[in-house]
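Here the structure is laid out as structure tokens; the discussion comes afterwards.
Protein chains: 2
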Amino acid sequence: MRRRGMILILSSPSGAGKTTLTRMLLQDKALDLTLSISVTTRPRRSSEVDGVHYHFIGRRQFDLMKSAGDLLESAEVHGACYGTPREPVMKVLAEGRDMLFDIDWQGAEQVREALGEDVVSVFILPPSMKELRARLDRRAEDSAATIEKRLANARREIERWRQYDYVVINDDLQRAYAEVTAIVAAERARGARSAEGVEAFVAELLAG
Amino acid sequence: MRRRGMILILSSPSGAGKTTLTRMLLQDKALDLTLSISVTTRPRRSSEVDGVHYHFIGRRQFDLMKSAGDLLESAEVHGACYGTPREPVMKVLAEGRDMLFDIDWQGAEQVREALGEDVVSVFILPPSMKELRARLDRRAEDSAATIEKRLANARREIERWRQYDYVVINDDLQRAYAEVTAIVAAERARGARSAEGVEAFVAELLAG
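Sequences listed follow chains A and B, in order.
Remember, my numbering sits 209 above the position in the first sequence when you count from 1.
Remember, my numbering sits 209 above the position in the second sequence when you count from 1.
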């Protein structure tokens, strides 16, 4: 049925499982979710590929995009700039398909302001701070100082859970994933989201 | 996690599959849904059991319950009175558990007015009027005149779909069931619904 596309925002502090959940959502082709690739001015990590994880750009290009209104949201975190290019998002939504956003609470707030009722936001919580620290340690990508900074930032992020439509505790990855896919399925069945399609369907139904 | 109980309302015109979906939801014990048993003044059908399908009561008892404020909602349909006793519902909600309501749009509206944000409503649509008529014919419980009355009523009910949070088209029972269970799982993950529990969880998380 014809329906409006939606933006599914997944936010969580680093290490709470957002990246893994995002990968699982994208691997399930039946879900037909398109990942929004952010631009960032931060250095590429050795595990990252330009155009896949981020578009890595310079500060000047970032500022140009921002001032031209080409970014749906932008933020500065840990001293680096991040932003979401507007055009690819609007294209997917216009097709009645859904976009997946892996952004933090600052970005989520801006996207919600820009696109209102087409936005569905999910906050992923870690089961404990101890587990969060263990996950960051296991990732072995960051220095001890960076991990401390990420943990301090995690605490500030976690306090933002009230801004989100849904809260999922990632104590078990499969259970958390099932909860996120249930949210996608439910939101697609929202009457308001598919009003145009249901309207047409009901008109045909009552005519038949 | 501690959360507020919710009321899941399933509505549909007769024959669209609401009764079957209700049975499937109740058979899945892991879902832990409690069915609200309505009172009614209409005669019991040969396939029905008192206290299971309805509490069959007389008109005088119905009027007494209604005037005492013991009914959460009540309506007159096809010349018979229906109502939902308030007390068992409030008891289940207070336990943080969920109640399933199999009622029509008139009842849904009253329950929504009484219990607001704790109400989640789902409208089940038949795939076509032809299929709806076929299902009513197959049921072979009603006279031809009653079936015509039900079909006319179905058209009026279907026009009410906009009042519902979710719309599910029952063109395939398993798919429709999966959609309803996704709605239950998603609504249980709503931040606002489990605010008290998340609040406590986050407080413990940040203290740890």
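Ideal placement from N, C-alpha and C gives every residue a C-beta, glycine not left out.
Using a Cβ cut-off of 8 Å (strictly closer), state whether Ala-318/B contacts chain A. Note on residue identity: the sequence assigns Glu, not Ala, to residue 318/B. So no, Glu-318/B is outside the interface.
Can you tell me whether DSSP reads Ser-276/A as helix, strand or coil? helix
Flag Ser-221/A as yes if its beta-carbon sits less than 8 Å from any beta-carbon of chain B, otherwise no. no
Curious, which full-length alpha helix (DSSP H) runs of at least 4 residues does the region 233-308 of chain A contain? 268-276 and 295-303
Excluding five sequence neighbours on each side, which residues of the same chain lie with their C-beta closer than 7 Å to the C-beta of Arg-306/B? Only Gly-214, Asp-241 and Thr-243 meet the Cβ criterion.
Element boundaries [beta strand (DSSP E), containing Ile-312/A]: That residue, Ile-312/A, is in no beta strand (DSSP E); it is neither H nor E in DSSP.
Determine whether the Cβ of Tyr-291/A lies closer than 8 Å to any Cβ atom of chain B. no
Tell me whether Arg-321/A is buried or exposed, calling it buried when 16 or more other Cβ atoms sit within 10 Å of its Cβ. That one is buried.
Three-way DSSP call (helix, strand, coil) for Arg-365/B in this model: helix
Here's the rule I'm using: 16 or more other beta-carbon atoms within 10 Å means buried, otherwise exposed. How should Thr-418/A be labelled? Chain A is shown from 210 up to 417; residue 418/A falls before or after that span and cannot be answered.
Integer-rounded CB distance, given that Leu-217/B should sit under 8 Å from Phe-332/B: In fact, because the Cβ distance is near 12 Å, the residues do not count as touching under 8 Å.
Going by the DSSP bridge assignment, what does Arg-399/A pair with across the sheet? Answer is Tyr-375/B.
Is it buried or exposed, Asp-381/B, if we count other Cβ atoms within 10 angstroms and call 16 or more buried? exposed
Show which residues of chain B have a CB atom less than 7 Å away from the CB atom of Asp-380/A. None at all; the shortest Cβ gap to chain B is about 10 Å.
Quick check: is the beta carbon of Glu-388/A nearer than 8 Å to any beta carbon in chain B? yes
Could you tell me whether any Cβ in chain B is nearer than 8 Å to the Cβ of Ile-392/A? yes
Cβ-based burial, Pro-252/A [other Cβ within 10 Å; buried from 16]: exposed
Have a look at Ala-303/A and Arg-402/A and give me their C-alpha separation to the nearest angstrom. 13 Å
Residues of chain A with CB under 7 Å from Trp-314/B, in chain order? In chain order: nothing, as chain A lies at least about 13 Å away.
Reference Ala-317/B; option with closest CA among Ala-398/B, Tyr-375/B and Arg-268/B: Tyr-375/B
Give every residue of the same chain whose Cβ lies closer than 6 Å to the Cβ of Arg-344/A, excluding the five residues on either side of it in the sequence, and list them in chain order. Gly-224
Confirm the yes/no value for this check: CB of Ala-387/A, any heavy atom of the ligand SAM, distance under 7 Å. As presented, the structure is devoid of all ligands, the ligand SAM included, so that no description of it is given.
Rounded Cβ spacing between Gly-400/A and Tyr-291/B (contact assumed at less than 8 Å): Rounded, the Cβ-Cβ distance is 24 Å, inconsistent with contact.
How big is the Cα-Cα spacing for Thr-249/A and Met-233/A? Distance between the alpha carbons of Thr-249/A and Met-233/A is about 23 Å.
In the DSSP assignment, what residue or residues form a beta bridge with Ile-333/B? Val-377/B
So the alpha helix (DSSP H) Asp-346/A belongs to, where does it begin and stop? Residue range 338-348 is occupied by the alpha helix (DSSP H) that includes Asp-346/A.
Glu-366/A to Leu-324/A span [Cα, whole Å]: 22 Å
Is there at least one Cβ from chain B nearer than 8 Å to Gly-278/A's Cβ? no
Measure the alpha-carbon distance for Ala-409/A versus Ser-220/B and round it to whole angstroms. 20 Å
Give me whichever residues DSSP pairs with Val-328/A in a beta bridge. Ile-216/A
Name, please, each residue of chain A whose Cβ falls closer than 7 Å to the Cβ of Ala-398/B. Tyr-375, Val-376, Val-377, Glu-388 and Ile-392
State yes or no: is the C-beta of Arg-269/B within less than 8 Å of the C-beta of Leu-281/B? no
Helix, strand or coil for Ala-409/B per DSSP? DSSP, read as helix, strand or coil, puts Ala-409/B in helix.
Note down, in chain order, every chain B residue with its Cβ under 7 Å from the Cβ of Gly-305/A. Near Gly-305/A there are no residues of chain B at all, since even the closest Cβ is about 16 Å away, more than 7 Å.
Out of curiosity, what's the CA-to-CA distance linking Val-411/B and Leu-360/A? 14 Å
In angstroms, rounded to a whole number, what distance separates the CA positions of Asp-313/B and Pro-222/B? 8 Å
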